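These notes concern the structure reproduced below.
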Amino acid sequence: MGDLTNWRQVFTDDFTTPVPVGQFPAAVSSKWGAYLDGWKDTSKNGTYSPSTVVSIQNGVLNKYLHTVNGVHRVAAVLPKIPGATASGGLPAGRFAVRFKADAVPGYKTAWLLWPDSEVWPRDGEIDFPEGDLDSTIGGFMHRQNGTSGGDQDPVSTSARFTSWHTAIIEWTPGRCRFILDGTVILDKTSRVPTTPMHWVLQTETDLSGTAPSSSAAGNVQIDWVAVWVPK
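Residue numbers (my numbering): 3 to 233.
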């Protein structure tokens, strides 16, 4: 990939280093972190468990979503971007990911930029791609100085997770764009988040209020990721 016209590439991973289940993120700790084993996800129905969910093989980072002894196991992975803040954040950036997923009922992606300040909804949030794995891909830009979780700009598509897609967030001062497979699907210039944010590839149980079936299981695959900052 490399540099683009207005962007300087600062991070990329094609997942060429194999990592067996049980060794992520320790085996690649210079490039990746993760939400720790035992942390609850957003709905509280899932439990982050990178040690049993995440592996890398054949050039793909794989998240195997499954249930063991009633514990619905999910994972959120965080790239360690050179030049980022101590919290992993950037003040602007271009964040790209190539991915597909099985249509696992009860699970979703919320791959997002989250404010380093941890002050939400005031400092916003940028979610793309977001959606239930057995449904379609969407996204949300939660606005700067938000007053509630619903203070946001949403976008939906007909694209399903079961095919390969490339999703890009372009976030610069005063502008936020979502690009799916080369098509701009959201372009906002009002109340765009202004504080440093860090990228979290967060895969979790869905927000329906009902826990997944213990028999629901499947894979989320990430072929590559890349990050740029404005030149």
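No residue lacks a Cβ here, since even glycine has one placed at the ideal position from N, Cα and C.
It should be emphasised that the depicted structure is a prediction, and the values quoted were computed from it without experimental measurement.
- prompt: With distances taken between CB atoms, is the gap from Pro232 to Thr87 smaller than 7 Å?
  reply: Taking the sequence shown and counting its residues from 1, the one referred to as residue 232 is at position 230. Taking the sequence shown and counting its residues from 1, the one referred to as residue 87 is at position 85. No. Outside cutoff.
Per-residue burial, Asp43 [other beta carbons within 10 Å of its own, 16 or more giving buried]: Locating residue 43 in the sequence shown gives position 41, counting from the first residue. Buried.
task: Measure the Cβ-Cβ separation of His144 and Gly133 and say whether it is below 7 Å.
output: By 1-based counting over the sequence shown, the position of residue 144 is 142. By 1-based counting over the sequence shown, the position of residue 133 is 131. Cβ distance not < 7 Å, so His144 and Gly133 don't count as in contact.
field: First and last residue of the uninterrupted alpha helix (DSSP H) at Thr205
entry: In the sequence shown, residue 205 corresponds to position 203, counting from 1. First-last for Thr205: Met199 to Thr207, but that is the beta strand (DSSP E), not the alpha helix (DSSP H).
query: Quick one: is Asp1 buried, meaning 16 or more other Cβ sit within 10 Å of its Cβ, or exposed?
result: Because the chain in this structure spans residues 3 to 233, residue 1 falls outside the shown range and cannot be described.
field: Range covered by the beta strand (DSSP E) that runs through Val229
entry: Within the sequence shown, residue 229 is the residue found at index 227, counting from 1. Its beta strand (DSSP E) spans residues Gly220 to Pro232.
- request: May I ask you to list the residues that DSSP assigns as paired with Arg77?
  value: Locating residue 77 in the sequence shown gives position 75, counting from the first residue. Arg is not the amino acid found at residue 77; the sequence shown has Ala there. Thr205.
field: Three-state secondary structure assigned by DSSP to Ser53
entry: The residue labelled residue 53 in the question sits at position 51 within the sequence shown. It is helical.
Thr149 versus Ser210 - alpha carbon distance: As a working mapping, residue 149 is identified with position 147 in the sequence shown. As a working mapping, residue 210 is identified with position 208 in the sequence shown. Roughly 23 Å separates the two Cα atoms.
Among Asp153, Arg96 and His68, the one whose alpha carbon lies nearest that of Ala213: Start at 1 with the first residue of the sequence shown, and residue 213 comes out as number 211. Minimum Cα distance to Ala213 is reached at His68.
- request: Out of Lys46, Gly151, Val56 and Trp166, point me to the one whose CA is closest to Gly108's CA.
  value: What you label residue 108 is simply residue 106 of the sequence shown in a count that begins at 1. Selected option, being the one with the closest Cα: Lys46.
field: Complete runs of the beta strand (DSSP E) confined to the region 91 to 152 [at least 3 residues]
entry: 95 to 103, 109 to 117, 127 to 134 and 138 to 144
field: Those residues which DSSP pairs with Phe13 across a bridge
entry: One-based indexing of the sequence shown puts residue 13 at position 11. The partner list for Phe13 (beta bridge, DSSP) reads Val229.
- request: Within the region 145 to 197, note down every full beta strand (DSSP E) run reaching 3 residues or more, in order along the chain.
  value: 154 to 162, 167 to 174, 177 to 182 and 185 to 190
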